[in-house]
Amino acid sequence: MRDPHSRSIGGAQYPPLFMCACCAALVVLLSSCSADLAVQRDVQQAGQALPGTPYSIVCIIHGDGDYLYHDTDGNEYKANEEALAAAKRVALRNPEAEVFLFHQKPRRHFLFFFPLRDGEFSYYQNGRLIAEGSYWRDEGGSPLDPEVTLFRRFRADTLRERVTVFMYFGHEIPEIDGAGYHASSPDRTFTVQDLAEGLKGFTPHPSKFDLMILSTCFGGTPYTIGTLGPFAQTIIASPDNLHLSYFDIHSLERLDLRVRKGDVPAFAKTFAHQAFDQLTKDVQTAVSVAVYDVDRVQSFLRSVETVYDRTLTELKGMAQATAGVGHCDCADLPLYVRPAMSEGIELFYRPARFGRSKYKQEHSGWECWREREQHPHTTQTKEPALE
574 MRDPHSRSIG GAQYPPLFMC ACCAALVVLL SSCSADLAVQ RDVQQAGQAL
624 PGTPYSIVCI IHGDGDYLYH DTDGNEYKAN EEALAAAKRV ALRNPEAEVF
674 LFHQKPRRHF LFFFPLRDGE FSYYQNGRLI AEGSYWRDEG GSPLDPEVTL
724 FRRFRADTLR ERVTVFMYFG HEIPEIDGAG YHASSPDRTF TVQDLAEGLK
774 GFTPHPSKFD LMILSTCFGG TPYTIGTLGP FAQTIIASPD NLHLSYFDIH
824 SLERLDLRVR KGDVPAFAKT FAHQAFDQLT KDVQTAVSVA VYDVDRVQSF
874 LRSVETVYDR TLTELKGMAQ ATAGVGHCDC ADLPLYVRPA MSEGIELFYR
924 PARFGRSKYK QEHSGWECWR EREQHPHTTQ TKEPALE
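Residues in the sequence shown are numbered consecutively from 574, following my numbering.
Encoded structure:
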């Protein structure tokens with residue numbers, strides 16, 4: 574006998590696939606409107622002061638842009654996803670660390686109408702994944718407020734002295750304007766100052782990160798190092814173009830073995846040297862990796878602050894700020910050549926294998942702006958796929 578209550582289902586006007594799609598859309602809509610983060614956690618461990626967490630790493634990976642590249646065999650990769658995979662290996666191979674990973678993804682929609690969360694988060698303690706989930710990147714007054722909120726929610730409370738590391742992977746961070754940095758959200762801006770505002774939330778005054786790694790192009794400018802310097806003791810950055818905006822970070826695995834007696838400056842030089850060696854194997858363009866001792870470079874930064882700020886002010890007044898200007902070694906501009914220019918910098922540099930840049934055998938470790946036609950030698954050699 575047919576169940577009389579089945580008539581409404583069997584005689585429905587809408588096919589099952591359509592009903593399934595509607596149900597899925599409703600689930601997505603409800604989850605999208607939820608105020609709570611879609612995070613699963615190990616309640617027994619998250620946020621607790623475990624006995625072996627003398628190291629803490631915060632890693633932000635920007636993926637809302639063109640990070641696609643091909644290797645010599647034609648295989649297709651995305652640099653941000655490669656960076657994420659490497660960061661997860663670091664997290665799993667550090668038995669005495671907590672690691673925060675934030676992946677900023679492009680804005681997406683389900684069925685063209687329902688927005689999806691555009692940030693992914695994972696938290697590790699002692700080599701174990703403790704929590705993971707997704708979040709909205711546009712919640713908060715500052716661009717990194719969502720990441721700071723998650724950091725404060727999950728960080729382990731401990732009185733132990735720690736070695737702290739901050740990493741940022743992405744394209745060149747604009748020093749002014751910042752419009753268009755996020756490809757899928759042109760209304761959002763992001764600048765060096767925005768990164769500095771976020772760092773305030775990760776490092777309550779007067780604390781500083783022991784080491785900051787800027788895996789971006791043109792991170793070694795007086796303005797960038799000067800603006801981010803209050804939040805780090807040592808900064809690793811490339812003053813020139815950085816192939817795929819990517820440093821090799823395998824040196825961060827087993828920090829308990831690599832950071833001898835807490836000597837972060839020595840570890841920073843080892844990290845930079847290994848990243849440099851890997852880059853010189855992979856690319857033919859110029860390679861530069863610099864280690865900045867933040868305290869020791871202050872003399873040079875103070876001496877050129879007015880000159881550099883004047884340049885940025887002029888750029889702000891231009892209709893297209895970077896249309897007629899380019900990056901160059903600060904040593905190529907007489908106003909920046911100061912006695913303290915090389916103080917506090919450990920630089921690993923190799924000139925390009927082709928083009929005009931191959932004749933530039935030295936670099937100061939500092940990158941500046943200039944009109945492109947002013948000088949015959951430029952450091953604007955770029956990778957074919959990415960900046």
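Yeah, the Cβ is synthetic: ideal placement off N, Cα and C, and Gly gets one too.
Quick check on residue i: does DSSP put it in helix, strand or coil?
i    : result
H823 : helix
H643 : strand
R760 : Before going on, a small fix: residue 760 reads as Asp here, not Arg. Correct three-state label for D760: coil.
I849 : The sequence shown places Phe at residue 849, rather than the Ile named in the question. Helix, per DSSP.
A839 : helix
P747 : coil
F921 : strand
A664 : helix
D679 : For clarity, residue 679 is Pro in the given sequence; the question names Asp instead. Note: P679 maps to coil in three-state DSSP.
S965 : A question about residue 965 goes unanswered here, because the residues of the chain that appear run from 574 up to 960.
Distance check for residue j and residue i, CA to CA, integer angstroms please.
i    : j    : result
F775 : L852 : 30 Å
L772 : F804 : 7 Å
R725 : Y932 : 49 Å
M914 : R831 : 30 Å
S963 : F849 : Residue coverage of the chain in this structure runs from 574 to 960, which leaves residue 963 outside it and unanswerable.
F873 : P907 : 14 Å
C632 : S937 : 28 Å
Q871 : G799 : 8 Å
I918 : I746 : 21 Å
H900 : F742 : 20 Å
Y642 : H823 : 21 Å
E712 : A863 : 34 Å
Pick out whichever of the options has its Cα sitting closest to the Cα of residue i.
i    : options                   : result
G890 : I749, Q871 and I809       : I749
R961 : V736, G706, A659 and D639 : Nothing about residue 961 can be read from this structure; the chain reaches only from 574 to 960.
F921 : R911, T843, A913 and W942 : T843
V910 : Y754, D783, P777 and Y881 : Y881
N814 : A769, L674, F791 and D646 : F791
E770 : G802, P688, T789 and D783 : G802
L723 : V862, Y697 and E734       : Y697
G636 : R761, A752, L657 and I786 : L657
Any idea if residue i is buried or exposed, counting beta-carbon neighbours within 10 angstroms, 16 or more meaning buried?
i    : result
Q677 : buried
I809 : buried
R869 : exposed
N653 : buried
R690 : buried
F673 : buried
L828 : buried
Determine whether the Cβ of residue i lies closer than 7 Å to any Cβ atom of chain B.
i    : result
F675 : This model lacks chain B altogether; it includes just one protein chain.
* Asked: Which parts of the stretch 760–821 are runs of the beta strand (DSSP E), unbroken and 3 residues or longer, counting only runs that do not cross its ends?
  -> 782–788 and 805–810
* **alpha helix (DSSP H) runs contained entirely in the stretch 845–915, provided each spans 4 or more residues** => 871–889
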